[in-house]
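Asks:
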Amino acid sequence: MNHYRTLRQAIIDMVLATEMTKHFEHVNKFVNSINKPMASEETDSNNFPENQTLIKRMMIKCADVANPCRPLELCIEWAGRISEEYFAQTDEEKRQGLPVVMPVFDRKTCSIPKSQISFIDYFITDMFDAWDAFAHLPVLMEHLAVNYKHWKTLDELKCKSLRLPAENN
Numbered sequence: 001m002n003h004y005r006t007l008r009q010a011i012i013d014m015v016l017a018t019e020m021t022k023h024f025e026h027v028n029k030f031v032n033s034i035n036k037p038m039a040s041e042e043t044d045s046n047n048f049p050e051n052q053t054l055i056k057r058m059m060i061k062c063a064d065v066a067n068p069c070r071p072l073e074l075c076i077e078w079a080g081r082i083s084e085e086y087f088a089q090t091d092e093e094k095r096q097g098l099p100v101v102m103p104v105f106d107r108k109t110c111s112i113p114k115s116q117i118s119f120i121d122y123f124i125t126d127m128f129d130a131w132d133a134f135a136h137l138p139v140l141m142e143h144l145a146v147n148y149k150h151w152k153t154l155d156e157l158k159c160k161s162l163r164l165p166a167e168n169n
């Protein structure tokens with residue numbers, strides 16, 4: 001029964017690690033407890049269980065929001081899917097007269113490229129820089145750079161959709 005409780009608690013902890021209200025707290029703990037000691041070659045075996053938990057949290061956080069680090073076509077596809085989910089939520093909140101949680105996701109006014117740029121700037125870059133310093137994932141970082149450039153180009157061209165109109169098939 002003790003193994004069950006331990007496993008259950010670990011699963012709950014991993015799910016809670018994806019809660020975006022604690023995003024910066026988790027990333028800062030990871031950087032300060034894992035990245036910085038690793039860079040200075042300090043290791044404290046007394047912190048092993050806690051460090052193991054921090055690594056697992058960071059791994060699940062990265063997996064949860066990794067879309068900007070996928071190959072461009074997958075990134076575009078999934079950015080469209082998540083945007084549509086948020087548009088539907090905003091539509092439903094308006095329909096029911098509820099407060100709109102994410103007003104930026106109004107399908108009439110939203111710029112998907114701007115939303116992706118903001119998401120990458122605010123949440124993704126620092127987190128994946130920290131994860132890359134730990135796990136060395138150059139391919140993910142290359143995808144992130146390519147995808148960011150894609151969204152920036154669309155934004156500079158005042159395009160609000162996933163692709164330039166000529167690219168939409």
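Just so we're aligned: 39 in UniProt numbering is position 39 of the sequence shown, and the numbers increase by one with no gaps anywhere.
No residue lacks a Cβ here, since even glycine has one placed at the ideal position from N, Cα and C.
Do you know whose CA, among Q116, R57, C110, lies nearest E77's CA?
Replies: One-based indexing of the sequence shown puts residue 77 at position 77. Of Q116, R57, C110, the residue nearest in Cα terms is Q116.
Asks: Pairs of beta-carbons, one from the region 57-70 and one from the region 124-144, closer than 8 Å: are there three or more?
Replies: Touching, yes.
Asks: Just tell me which of F128, K152, K149, H150 has its CA closest to the CA of M141.
Replies: Within the sequence shown, numbered from 1, the residue matching residue 141 stands at position 141. The candidate whose alpha carbon is nearest that of M141 is F128.
Asks: Can you tell me which of the three DSSP states S111 falls into?
Replies: Numbered from 1 along the sequence shown, position 111 holds the residue referred to as residue 111. Three-state DSSP puts S111 in coil, outside helix and strand.
Asks: Using alpha carbons as the reference points, say which of G80, R81, P103 lies closest to D91.
Replies: The count along the sequence shown starts at 1 and reaches residue 91 at position 91. Taking only the C-alpha atoms, the option nearest D91 is P103.
Asks: Return yes when the Cβ of L144 is within less than 8 Å of the Cβ of P68, no when it is not.
Replies: Against the sequence shown, residue 68 aligns to sequence position 68. Against the sequence shown, residue 144 aligns to sequence position 144. Closer than 8 Å, so yes.
Asks: Ordered along the chain, which non-local residues of its own chain (more than five positions away) have a Cβ less than 6 Å from that of residue 222?
Replies: Not covered by the structure: residue 222. The range shown for the chain is 1 to 169.
Asks: DSSP state of L137, grouped into three classes?
Replies: Along the sequence shown, read from residue 1 onward, the residue named residue 137 stands at position 137. Coil at L137, not helix or strand.
Asks: By how many angstroms is the C-alpha of K108 removed from the C-alpha of Q52?
Replies: For the purposes of this step, residue 52 is identified with residue 52 of the sequence shown, where counting begins at 1. For the purposes of this step, residue 108 is identified with residue 108 of the sequence shown, where counting begins at 1. Distance between the alpha carbons of Q52 and K108: 45 Å.
Asks: Nearest-angstrom Cα distance between I130 and N147?
Replies: Residue mapping note: residue 130 aligns to position 130 of the sequence shown, counting from 1. Residue mapping note: residue 147 aligns to position 147 of the sequence shown, counting from 1. The sequence as given places Ala at residue 130; Ile does not occur at that position. If you take the alpha carbons of A130 and N147, they lie about 19 Å apart.
Asks: Exposed or buried, what is M20 when buried is set at 16 or more other beta-carbons lying within 10 Å of its beta-carbon?
Replies: In the sequence shown, residue 20 corresponds to position 20, counting from 1. The residue is exposed, with fewer than 16 neighbouring Cβ atoms inside 10 Å.
Asks: Alpha carbon to alpha carbon, how far is F48 from R57?
Replies: Your numbering for residue 48 matches position 48 in the sequence shown. Your numbering for residue 57 matches position 57 in the sequence shown. Using only the alpha carbons, I get a separation of about 14 Å.
Asks: Can you tell which of M14, L54, F24 has the C-alpha that lies nearest to the C-alpha of S33?
Replies: Here residue 33 refers to the residue found at position 33 of the sequence shown. Among M14, L54, F24, the Cα nearest to that of S33 is on L54.
Asks: V27: which of K160, A166, I124 sits nearest, CA to CA?
Replies: Counted from its first residue, the sequence shown places residue 27 at position 27. The candidate whose alpha carbon is nearest that of V27 is I124.
Asks: Who are the near neighbours of G80 in its chain, counting only those whose CB is closer than 6 Å to its CB and skipping five residues on each side?
Replies: The residue given as residue 80 occupies position 80 in the sequence shown. Cβ within range, chain order: L162.
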